[in-house]
Amino acid sequence: MVDASAAPLLEVRQLSKRFPGVLALRSVSLRVLPGEVLAVIGENGAGKSTLMKILAGVQKPDTGEVLLDGRPVEINSVREAIGLGIVLIHQELNLSDNLDIGANIFLGREPRRCGLIDKQRIFRESQPLLARIGLEQSPRTLVNQLAIGQQQMVEIAKALSSQARVLIMDEPTSSLSQHEAEQLFRVVHQLRSNGVSIVYISHRLGEVRELADRVVVLRDGENAGELAREEICHDQMVKLMVGRDVSQFYQHQLHAPGPLALEVRGVRTLAHARHSIDLQVHAGEIVGLAGLVGAGRTELLRAIFGVDPMLGGEIRVAGQSVRVSHPRDAIQAGIGLVPEDRKEQGLVLEMAVRENLSLPSLRRDQTRGFLNREREADITRQMIGDLRIKTPGPEQIVQFLSGGNQQKVVLGKWLAMNPKVLLLDEPTRGIDVGAKREIYRLMEELADKGVAVLFVSSEMEEILGMSDRALVMHEGRITGELQREELSEEAVMNLATGGGRNPAGVSQ
Amino acid sequence: MKKILGIGGLLVFVCVLTGVLNPDFVSVYNLQNTLRWTSLFGVISVGVAFVIITGGIDLSIGSVVGLVGSLLAWLLTQKGWSAPAAVAMVLLVSLGIGVLHGLLITKLRLQPFVVTLCGLLLYRGAARYITDDQSLGFGTAYEGLRRLAIGKIPIPGLAADSFALPVPFLILMVIAVIAAVFLNRTIYGRYLLALGRNETAARYSGIHTDRVKIIAYVICSVSAGVGGVLFALDVNSIQPSGLGEFYELYAIAAAVLGGCSLRGGEGTITGVIIGAAVLRVLYNAINILRIPTHLEFAIIGAVILAGVITDELVKRYAVKRRAVRQLAAEQAHKASVPS
Amino acid sequence: MKKILGIGGLLVFVCVLTGVLNPDFVSVYNLQNTLRWTSLFGVISVGVAFVIITGGIDLSIGSVVGLVGSLLAWLLTQKGWSAPAAVAMVLLVSLGIGVLHGLLITKLRLQPFVVTLCGLLLYRGAARYITDDQSLGFGTAYEGLRRLAIGKIPIPGLAADSFALPVPFLILMVIAVIAAVFLNRTIYGRYLLALGRNETAARYSGIHTDRVKIIAYVICSVSAGVGGVLFALDVNSIQPSGLGEFYELYAIAAAVLGGCSLRGGEGTITGVIIGAAVLRVLYNAINILRIPTHLEFAIIGAVILAGVITDELVKRYAVKRRAVRQLAAEQAHKASVPS
Amino acid sequence: GKPGEPAGASTSKPSGATEGGTSKPKLAYVTNGIDPFWNTASAGVRAAAKEFDAECEVLMPAKGIVDQNRMIETLLARGVDGIAISPIDAANQVGVINEAAARTRIITQDSDAPDSKRLCFVGMNNYSAGRAAGKLVKEALPNGGKVMIFVGRLEQLNAQQRRQGVIDELMDRAAQSLETIQYDPPGRVIEGARFVVLDTRTDNFDYARAKANAEDAITAHPDLACMIGLFAYNAPMCKEAVKEAGKLKSIQIVSFDEQDSTLQGIIDGDVYGTVSQQPYMYGYHSVRILAALKRGDESVLPPNGFYEVAIQEVRKANVQEFWTELKKLQKGEE
Ligand SMILES: Nc1ncnc2c1ncn2[C@@H]1O[C@H](COP(=O)(O)OP(=O)(O)OP(=O)(O)O)[C@@H](O)[C@H]1O
Ligand SMILES: Nc1ncnc2c1ncn2[C@@H]1O[C@H](COP(=O)(O)OP(=O)(O)OP(=O)(O)O)[C@@H](O)[C@H]1O
Ligand SMILES: [Mg+2]
Ligand SMILES: [Mg+2]
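Protein sequences appear in the order of chains Z, A, L and W.
Here the numbering used here = 1-based position in the first sequence + 441.
Here the numbering used here = 1-based position in the second sequence + 12.
Here the numbering used here = 1-based position in the third sequence + 12.
Here the numbering used here = 1-based position in the fourth sequence + 429.
Next up, the structure:
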């Protein structure tokens with residue numbers, strides 16, 4: 442255990458940082474002790490990533506100072522930060538996928554011989570790193586051939602290779618499978634015992650509880666409190682993050698399923714062409730779709746929604762067979778999709794809230810091709826009100842909203858279409874607790890109104906808390922179905938890892 | 013809006029400066045000519061704006077102008093087609109070219125730059141092949157048709173020999189109004205702007221992005237076709253190997269000056285037309301002010317560059333000023349609310 | 013590697029076809045000429061490849077060729093500079109141009125297309141202004157300097173009058189080797205590839221992306237400068253308003269044919285040189301096979317388009333075949349393991 | 430250029446009443462492109478401007494006919510006392526020329542527009558010049574042989590006329606009248622008794638292409654006997670190619686115009702001869718006529734509207750003399 446009174450390895454004093462329109466950090470202070478795992482948590486937009494980017498030399502603070510070993514240091518570039526032993530694993534993937542794993546790991550710090558890159562040495566030194574994080578790939582494999590989770594592991598290997606004294610991980614597990622995440626935790630423990638300090642950022646409070654020696658909470662760019670090892674518990678963390686007590690996170694009550702709303706029969710997807718999938722969702726029902734990352738859940742939703750081609754099978758909405766070869770077909774049949782990647786797939790970031798909210802419904806509300814502006818204004822007003830989207834106005838550019846409010850805009854797009862079936866892919870990924878609760882509430886409301894809700898989630902708590910019924914996928918097929926009363930962590934994990942029930946008994 | 017202010021200011025500045033230095037600039041005759049040239053280039057610039065808004069580019073415009081012009085003259089003078097049939101035919105050809113570009117870019121996912129670069133070569137070659145590399149002209153026949161390009165419509169109330177509107181200007185105005193309505197008032201225009209910013213998100217919202225993109229390329233090629241007809245009728249002499257060369261660059265420059273971002277999703281029709289006007293007025297000014305013609309290129313290049321640099325600096329300054337203002341407001345607030 | 017196979021195959025195909033149709037194609041004289049032209053265009057194509065790898069574009073190459081060529085002739089014949097001083101001076105100018113482009117693109121965040129489009133106009137104007145739009149030539153003086161462009165180095169062991177290597181080919185080889193080593197073996201090359209694909213990732217890895225980008229633009233402009241010197245010395249008669257016009261398009265086409273992606277992050281030097289060779293051999297074939305010159309453009313355009321379409325289709329086919337093979341393998345596996 | 434006094438009467442038609450005779454005539458000389466040929470013409474312009482006390486600017490359109498039309502328009506807008514133009518496509522620029530004729534004095538030079546209201550034409554007959562070049566070829570190759578023609582753009586009337594003149598001469602056809610020339614289509618081999626015209630290659634004014642075209646011709650036709658360059662730069666490019674191929678002995682070159690490189694070639698014996706149009710005279714006489722017209726002297730107009738500038742054939746015998754004269758003319762007013 443770490444001595445809390447030890448001299449801090451890294452110290453941040455009164456750091457402030459302003460972006461156009463936001464004060465991201467206001468006199469934030471932070472101490473990182475040698476060989477501890479310090480978790481930094483906070484709602485979306487609390488300033489966690491900004492603080493870390495400053496430490497890593499990506500951005501510069503407006504005021505305040507950073508001390509390393511008690512001496513003030515100025516970090517002007519990523520290079521300098523690495524030189525000081527501060528290394529950041531970014532929240533987003535940052536790899537050049539046209540290069541191989543080895544090249545990415547040593548990018549910016551290539552070993553050289555006679556002025557030329559020493560490729561042999563790169564491969565030689567990459568191998569043990571990959572072994573250490575459990576990535577079974579040759580360092581010569583191109584990164585674009587790796588799955589997202591594996592790419593994240595490459596990022597981690599890259600950080601490990603730089604001999605960090607302070608290793609900052611900004612939501613490293615958001616795209617990792619359970620297995621990969623556990624491997625990561627082992628590495629974290631190992632590093633800590635080697636005296637490396639780790640700053641760990643995550644919205645998954647379970648992980649934080651498991652890993653952290655100490656928790657620092659940020660709220661609205663300010664220090665909101667600190668928890669010592671023994672004080673760390675879910676409710677405490679949430680309380681500090683949102684600034685009030687949050688009890689009763691999931692207020693789930695079972696919905697009475699109505700008539701069949703969505704029926705998927707024998708659908709095959711590109712990624713897992715060998716398995717066909719059958720599933721059913723009833724009106725007014727919330728069905729969770731669980732599984733490890735890469736199990737093919739996103740692929741399934743994308744196929745249902747017509748983004749990717751189906752390799753066969755049939756989709757029926759409210760008893761009608763529909764041919765979906767483009768999202769528009771799905772939308773016309775009454776399906777909506779809240780996609781996995783909000784910024785890439787869900788929103789046109791540089792457009793106004795109004796324009797985003799009305800995008801799918803423009804066609805329905807058109808008069809001979811012309812925009813129906815009154816209708817557009819109505820929808821905007823209604824959605825901002827109903828979903829309590831926090832925005833200065835309908836003309837605000839979506840980019841400047843917080844993650845949770847952005848997600849509400851995505852939801853609003855579909856609510857305006859009055860869908861029969863709503864598909865949600867990781868609806869709360871990277872969203873803070875407050876916003877999460879509102880999203881859950883909305884899902885409940887929709888189900889009450891008779892919408893069939895099918896949601897994908899990698900968070901066990903969410904699956905357990907929100908589903909009337911859960912389906913579990915493993916390597917492209919549905920390995921089991923669990924009714925509300927059968928739902929448990931073990932049951933889901935069992936199916937998700939391919940064990941458990943006989944798949945023949947599924948969905949009958 | 014602000015973008016238009018900047019470029020509009022530049023236009024006014026150049027006009028006033030030239031007018032003061034040489035009053036001939038504001039003579040009826042010169043204004044009519046400048047208006048006519050602006051209109052001809054305006055037509056192709058408005059077309060390319062649509063493609064630029066999708067985040068694409070069209071390098072083949074000049075060659076389409078050349079092909080359409082050559083074909084028109086060839087059909088009329090060599091094949092004896094009637095004027096309406098010939099015009100319809102060449103516009104159909106340009107439409108076909110637009111569809112081809114659109115299909116290659118959307119269905120085969122080829123890059124717009126590459127597709128239209130090949131188009132640049134292909135259509136130029138086609139024009140030269142069809143006409144057997146002979147220059148063609150309408151001579152003094154087809155005066156009726158040529159009024160499309162060189163005709164003038166007197167303004168009611170003004171004396172007969174004073175200012176009259178060049179017909180191409182009316183054509184441009186019609187095209188501009190249609191284009192502006194299309195872009196701002198129809199769902200397709202909204203789709204264009206949306207997919208220019210984020211194609212994936214647009215597709216996920218149920219927009220047939222491919223179809224909308226194809227429409228943009230068709231608009232661009234057909235505008236180039238209309239431009240080609242007008243240019244051909246205006247110069248009345250068509251060199252298949254030369255007509256329209258480099259026009260794509262002028263059109264793109266006008267669109268960029270007028271506030272279109274090559275990254276897509278941004279642009280206004282008014283801005284583009286003002287952009288085209290700036291370029292034409294500059295050419296005119298250089299000649300009127302007796303600046304040596306060989307400085308023409310350098311001046312135009314310098315003005316475009318200065319324009320985009322200023323635009324960038326102004327944007328940065330605005331961002332900074334906003335931040336400073338906010339800070340001041342907050343500090344004032346703090347001061348009034350002692351903590 | 014596979015990309016090179018495709019374009020290499022095309023080159024061999026065109027060569028064999030032309031050689032069969034007209035054996036003169038493989039005459040020593042013709043091979044030397046084709047090699048020389050390939051080298052001249054190869055130099056500017058290799059240069060632009062670096063910019064394309066960063067995801068940028070350089071439209072000013074032709075104008076830089078024109079400016080450098082004009083300036084060289086002007087300094088030598090009008091200002092009486094010595095050959096080394098004049099060559100050094102013009103290369104310095106092209107270097108300055110590269111730095112300027114790089115700074116505008118990285119520091120002011122202007123778009124490469126816009127910056128170099130302005131460059132296209134500016135440098136052409138500058139060339140015309142400096143030389144007062146007069147044609148210039150080296151006459152019969154400077155034969156020594158001209159050997160850079162038209163000299164030939166006999167291959168030891170071969171008879172004196174048989175095949176000798178054109179000096180520009182040697183220059184290209186030197187440049188190509190340096191470029192290939194730079195791109196594949198040095199950290200800057202790696203940085204270029206990395207930032208071309210993902211600039212943020214490169215920046216977060218501590219790479220001074222701006223600096224690397226500026227280097228790419230400098231390489232491109234200096235290559236254009238070297239090309240300009242060679243072109244000027246080769247044709248021995250420089251028209252400031254025409255020298256190098258459209259060469260940027262040839263260079264970009266060669267790079268794209270050679271496997272560079274305009275999206276950045278992809279490209280090989282060998283591929284680019286083969287791309288340049290394909291274009292030159294095509295020109296040569298058209299002339300040698302007595303195909304009318306006015307079909308030239310159409311043929312070149314069609315070949316480039318066919319090339320990129322084939323490339324795309326082959327890629328798709330490969331993806332599909334892999335999927336099918338996987339499926340088949342799994343089904344075989346299933347069949348052998350009865351469930 | 431200095432902007433002179435702002436002409437208030439810019440749009441007024443020229444009439445006897447406005448002729449003051451006190452101010453310098455303001456003239457413009459518009460070429461059909463940028464070429465050394467026109468630099469020599471400019472020398473004539475400057476010489477005449479000095480001699481006849483006029484101001485004359487030379488405008489060279491870089492981008493073809495569109496540029497040229499635009500230049501005319503701006504000149505009219507600015508108000509000039511006279512324009513001499515080399516129309517790029519005479520038949521189809523009648524409208525433009527007539528419009529100019531309505532606002533100022535316009536004459537054609539180098540290339541005529543006979544159907545327009547231009548006051549006169551200063552120049553030569555391109556078809557005859559072509560025939561003269563053909564005669565040079567016959568002199569160079571008394572026994573005939575295979576020839577090839579090189580040109581920038583074949584769409585230009587002067588290029589077409591010259592080419593046809595060369596072909597007709599080599600095929601020993603009767604002279605055609607300028608108005609009704611029948612053209613042989615390009616891209617086809619034309620065989621006569623002694624001569625074979627293999628092809629006409631174009632290069633779009635790209636010198637490098639011009640040179641490559643010449644090289645490729647040498648490759649494709651090992652028995653090529655003569656190259657004819659229709660535009661000023663073509664023969665010099667041919668000369669470069671032939672020289673590098675070591676074929677100076679077996680391939681004759683016949684040229685148009687008088688680039689230094691061509692003249693040097695004639696001295697060295699690399700080029701057989703050239704047909705000079707005396708562009709200096711184009712410039713000189715254009716300005717002379719326009720200046721006099723502005724001063725009200727109509728007598729300068731040639732009787733049938735054609736002021737013919739004699740072409741000059743330059744061979745080894747007279748090249749020195751011709752070049753010395755040319756240099757003198759070019760230098761005269763610097
Ligand atoms: N480059 C930037 N420009 C403008 N605003 C920014 C920028 N980066 C961050 N912000 C803003 O600064 C605030 C803090 O953002 P930051 O990314 O640090 O939050 P976070 O705590 O990491 O949130 P999350 O949990 O969603 O990752 C937010 O309001 C964000 O919108
Ligand atoms: N565009 C793509 N190209 C190639 N492979 C892909 C692509 N998208 C997904 N895959 C692969 O298909 C498999 C299934 O991925 P998918 O995203 O459907 O998983 P998932 O269960 O939805 O996981 P997640 O929890 O990340 O949503 C994975 O192995 C993934 O790497
Ligand atoms: Mg963050
Ligand atoms: Mg997924």
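For glycine and all other residues, C-beta sits at the position ideal for the given N, C-alpha and C.
The structure presented is a predicted model; accordingly, all values stated were derived computationally and were not measured.
Determine the chain Z residues that contact residue i at a beta-carbon separation under 9 Å, and present them in chain order.
i: S273/A; result: Under the 9 Å cutoff, chain Z gives no residues; its nearest Cβ is about 10 Å from S273/A.
Applying a beta-carbon distance threshold of less than 8 Å, which residues of chain L neighbour residue i?
i: H113/A; result: Within 8 Å Cβ-Cβ: nothing; H113/A doesn't reach chain L, min ~11 Å.
i: I355/A; result: Look at the range of chain A in this structure, 13 to 351, and you will see that residue 355/A is not part of it.
Verify the contact flag: residue i, CB atom, against every heavy atom of ligand 3, threshold strictly below 7 Å.
i: K489/Z; result: yes
i: Q532/Z; result: yes
i: D873/Z; result: no
i: D661/Z; result: no
What in chain W is Cβ-close to residue i, meaning under 9 Å?
i: H306/L; result: L583, P615, G616 and T631
Classify residue i as helix, strand or coil using the three-state DSSP reduction.
i: I316/L; result: helix
i: R337/A; result: helix
i: Y458/W; result: strand
i: G450/W; result: With a pLDDT of only 48 at G450/W, under 50, the local geometry of the prediction cannot be trusted, and the value read off the model is given with reservation. G450/W falls in the coil class under three-state DSSP.
i: A746/W; result: coil
i: R738/Z; result: helix
Would you say residue i touches ligand 1, meaning its beta carbon is less than 7 Å from a heavy atom?
i: A497/Z; result: no
i: A161/L; result: no
i: V463/Z; result: yes
i: G276/L; result: no
i: S643/Z; result: no
Please list, in chain order, the chain L residues whose beta carbon lies closer than 9 Å to that of residue i.
i: M489/W; result: D145 and S253
i: G137/A; result: H306, L307, E308, F309, A310, I311, I312, G313 and A314
From the DSSP output, read off the bridge partner residues of residue i.
i: M577/W; result: M656/W
i: D611/Z; result: I642/Z
i: F735/W; result: F550/W
Identify the contact partners of residue i in chain A, using a Cβ-Cβ distance below 7 Å as the criterion.
i: H957/Z; result: Outside the shown range of chain Z, which is 442 to 949, sits residue 957/Z, and nothing can be said about it.
- [ ] Select from the segment 186–209 of chain L all residues with a C-beta closer than 9 Å to any C-beta belonging to chain C, and list them in chain order.
- [x] Included in the structure are the protein chains Z, A, L and W, with no chain C among them.
Task: Three-pair Cβ contact test at 8 Å for the segment 604–623 of chain W versus the segment 249–266 of chain L - done: no
TODO: Could you tell me whether the segment 552–561 of chain Z touches the segment 586–601 of chain Z, using the rule of 3 or more Cβ pairs below 8 Å?
DONE: no
Open item on the list: Check whether the segment 281–290 of chain L and the segment 70–84 of chain L are in contact - that is, three or more C-beta pairs closer than 8 Å.
Closed with: no
Open item on the list: For the pair the segment 230–248 of chain A and the segment 27–39 of chain A, tell me if three or more CB-CB distances fall below 8 Å.
Closed with: no
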